[in-house]
Structures are given as structure tokens and as C-alpha cells.
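Written out below as C-alpha cells is the structure these notes cover.
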Amino acid sequence: MTYRMGEQSLGLAWFKSSYSSGEGGQCVEVATAPGTVHVRDSKRPADAIVTVSPQAWAGLVTLAVTDLNV
């Protein structure tokens, strides 16, 4: 996992979940690139970006959809 500050664009196409209501809730934006998945806070896109492997992202998504207590 890589943590970056101040690299808000990186030339990536960012998207939000279709479950995002747009009402100021807890939401992240995701962008993919070969071999990496980038995640940032949708309310603060100029702040930190976390970069993980596709395998790590898939594990997190699997956990999120199978354990509603996360």
C-alpha cells in the first residue's frame, strides 16, 4: 500500500460508487491503472491518495459486501 499527499489528479479517471447518495455521507472515489487501484476521499480529493494492488482491493470489496458490520 502506498500513501500520497497532494497528487490529486495523477491523470486518472476517478469514479464514485453507484451507491453514493451525494448527500455528504462517507464516500470514496476510485481510479484504476495497470497493476494499481487508487482510493481517495470524495470530499477532499486534494488530500491523501491510497494505492493498493488489485488483489487487495478485491479483498476489501469482498469483505464489504459480505460483512455489513464493516
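For the sequence shown, our numbering assigns the number 24 to the initial residue and increments by one for each residue that follows. Think of the CB as a built atom: it goes at the ideal place given N, C-alpha and C, for glycine as much as any other residue.
Legend entry - Coil, strand or helix - K54 by DSSP: Residue identity differs from the one stated: residue 54 is Ala in this sequence, not Lys. Three-state result, A54: strand.
Inset, instruction - Could you check which residue in V60, V51 and D64 has the C-alpha nearest to that of T74? - result: V60
Inset, instruction - Return the residue from the list C50, A36 and V84 that minimises the CA-CA distance to D64. - result: C50
Legend entry - N-terminal and C-terminal residue of the beta strand (DSSP E) that R63 is part of: T59 to D64
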